[in-house]
Amino acid sequence: MNYVTGDDRAQPQLLPPAIEDYVESSSPARVIDSFVDSLDFTALKFLRATPASFGRPSYDPRDLLKLYIYGYFNEVRSSRRLERECKRNLEVMWLVRRLAPDHKTIADFRRDNSAAIIGACRAFVLFCRDQGLFTARLIAIDGAKFRAAASPIRIMDQPRIAEEIEKLDARIAGYLAKLDETDVMEPADDEGATAKALAALQQRRTELNRLSGRLERDGRKFIVDGEPDARPMGFGRGGKPPSYNVQTAVDADTGFIVHHDVTDEINDTRMLYPMAASAKRVLEREQLTVVADAGFSSGACAAACEVDDITACVPANRSGNPHGDGFQFDRSAFTYEADTDRYICPAGRALLRKPRVDRDGLIMYVAKDCSGCALKPRCTQARYRTVSRHQHEDALERMTARVMADPSLMRQRRCSVEHPFGTMKRMMSGRFLTRGIRKARTEMALSVLAYNILRSINIRTCPG
Ligand code: SF4
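Under this note's numbering, the first residue of the sequence shown carries the number 1, and numbering increases by one thereafter.
In structure tokens form, the structure reads like this:
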């Protein structure tokens with residue numbers, strides 16, 4: 001029996017005669033094509049949105065945007081790989097009408113149109129909103145770390161910078177001495193090479209000074225050499241590679257990302273209100289209900305949400321008393337008396353408020369007299385027991401109570417926010433290709449746009 005055989009390569013008309021026939025009617029490339037053609041490129045401020053009247057014709061930014069969205073949709077992100085796809089991928093040939101821009105043109109487009117690409121991502125969200133694709137019943141907020149384009153070995157602190165500066169200074173002094181020697185002896189055969197090496201060392205010295213200055217200015221402990229916008233991020237004992245914290249606000253019923261941001265926040269504690277307020281603005285709602293995990297628990301954000309008519313549902317993020325044998329009273333054993341602004345301990349004694357509020361908004365309450373207390377072994381190993389209370393504790397408690405009253409909220413959160421991150425991490429291999437937060441935001445906008453287009457296709461084909 002023979003194998004199934006293909007066509008003869010020399011046979012004329014092996015492919016369909018019209019380029020239109022290369023692409024199926026259900027192909028996502030057609031959705032990308034229609035969406036990009038519907039955008040107002042001048043209003044979005046794309047470079048060369050209208051062709052120049054003289055000089056060499058440039059590529060249409062519409063074609064390059066289609067190429068990038070298609071690339072992110074299909075996990076092809078680098079400009080060199082996109083250049084290759086233009087020459088071998090039939091859908092890409094159809095999409096950009098057999099144009100074949102080189103990789104530099106492709107990369108320059110992404111670099112030069114950062115704000116416009118972010119605007120195109122937002123335009124798709126507004127289009128979906130205007131089509132009534134969002135229910136906005138519940139918005140789930142979450143954050144995930146995406147690796148920056150830098151290696152963990154490039155994380156520097158002040159001692160490491162100082163050590164490298166010391167070594168550089170020694171090498172620079174050596175080269176200067178060599179140059180002086182050359183001046184005296186006059187052969188000058190490798191003078192050019194020495195001067196070049198010296199210039200490179202001095203340039204590195206300037207760069208290290210700049211990194212040290214930025215560490216000092218920002219009050220940070222670490223900085224990533226070559227990618228100073230990123231920060232070491234991670235939890236637990238594992239490594240903390242240079243990363244960005246990507247935030248999303250997802251419509252829980254449909255799975256669309258209604259708002260996103262790329263930040264250098266090392267955790268999610270300060271992100272609840274900014275994300276919720278931005279989602280509310282995008283959705284043009286008077287009131288919004290949002291849900292997030294305990295990492296977003298913050299008294300300041302809870303209070304800000306209440307003021308802005310946002311109903312936040314976030315569980316408390318509190319650990320038990322970490323001292324002793326793990327069976328000591330945690331703060332829930334203490335009763336707060338609002339009228340006297342003090343806590344009553346399990347032994348019935350008062351804990352009085354300290355006047356100072358720390359920079360995280362915490363107020364300390366201290367027991368004045370723990371002497372002779374029979375419960376002390378279960379309460380504290382210190383002389384006096386202290387309990388902390390956030391200055392917006394009431395708002396925090398209300399936020400927590402909503403989750404306790406409806407435990408299904410956390411399940412809805414998990415089902416809605418984790419899928420978009422999983423899809424985008426696959427599209428981007430969990431890491432950015434470009435450096436700097438501005439370029440990272442451009443990349444994430446392309447990824448979110450590709451995800452939302454994918455979501456709209458899935459909803460149209462499988463509405464259930
Ligand atoms: S140790 Fe102090 S704070 Fe704790 S129960 Fe006894 S009296 Fe109250």
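Quick reminder that beta carbons are idealized off the backbone N, C-alpha and C, glycines included.
Residue burial is scored here from C-beta neighbours: R441 has at least 16 other C-beta atoms within 10 angstroms and is therefore classed as buried. For S34, the enclosing alpha helix (DSSP H) starts and ends at P28 to S38. The residue from T386, F222 and G239 with its alpha-carbon nearest to that of S332 is T386. Every residue with a CB closer than 6 Å to a heavy atom of the ligand SF4 is listed here in chain order: C345, P346, A347, R349, A367, C370, C373, L375, K376, C379, T380 and R385. S371 sits exposed, since fewer than 16 C-beta atoms from the chains shown fall within 10 Å of its C-beta. Contact annotation: F46 and P61 have beta-carbon atoms nearer than 8 Å. Under the three-state reduction of DSSP, C121 is assigned to helix. The stretch 277-316 is shown to contain whole alpha helix (DSSP H) runs of 4 or more residues at 299-307, in chain order. Contact annotation: the stretch 24-37 touches the stretch 448-457, with at least three C-beta pairs closer than 8 Å. Annotation: the stretch 225-253 contains the following complete segments of the beta strand (DSSP E) (minimum length 3 residues), in chain order: 242-251. Contact check between the stretch 150-163 and the stretch 224-244: three or more CB pairs, one atom from each, fall below 8 Å, which counts as touching.
Between the alpha carbons of A252 and C86 lies a gap of roughly 37 Å.
Rounded to the nearest angstrom, the gap between the Cα atoms of E166 and R88 is 52 Å. With the rule of 3 Cβ pairs closer than 8 Å, the stretch 263-279 counts as touching the stretch 302-312. With respect to the 8 Å criterion, C313 and A347 are not classified as neighbours on the basis of their beta carbons. With fewer than 16 other beta carbons inside 10 angstroms of its own, I19 counts as exposed. Per the coordinates, the alpha-carbon of R431 lies some 5 Å from the alpha-carbon of F146. Separation of R426 and V76 (C-alpha to C-alpha, rounded to the nearest whole angstrom) is 11 Å.
Contact annotation: K354 and I344 have beta-carbon atoms that are not nearer than 8 Å.
Beta-bridge analysis with DSSP links K439 to no other residue. Every candidate beta strand (DSSP E) stretch fails here, since none sits fully inside the stretch 146-220 while reaching 3 residues.
Within the same chain, no Cβ atom closer than 7 Å to the Cβ of R414 is found once the five residues on either side in sequence are excluded. A316 sits close to T400, with the two beta carbons spaced by under 8 Å. Apart from sequence neighbours up to five positions away, the residues of its chain that approach G119 with a beta-carbon distance below 6 Å are L44, ordered along the chain.
Look at Y273 here: in three-state DSSP terms it is helix.
A contact is defined here as three or more CB-CB pairs under 8 Å, and the stretch 129-141 meets this definition with respect to the stretch 282-292. Under the DSSP assignment, I344 falls outside any alpha helix (DSSP H), being part of the beta strand (DSSP E) whose first and last residues are R342 to I344. Annotation for A445: I117, I118 and C121 place their beta carbon closer than 6 Å to its own, counting only its chain and skipping 5 residues before and after. Secondary-structure assignment with DSSP links A367 through a beta bridge to L351. Counting C-beta atoms within 10 angstroms of its own C-beta, R231 has 16 or more neighbours from the protein chains shown and is therefore classed as buried.
Partner residues in the beta bridge of S388, as assigned by DSSP, are M364. For the pair A195 and L39, the Cα-to-Cα distance works out to about 53 Å. Between the stretch 153-172 and the stretch 203-217 there are three or more C-beta pairs closer than 8 Å, enough to call the two in contact. An exposed status is given to R56, since fewer than 16 other beta-carbon atoms sit within 10 Å of its beta-carbon. DSSP, read as helix, strand or coil, puts Y22 in helix.
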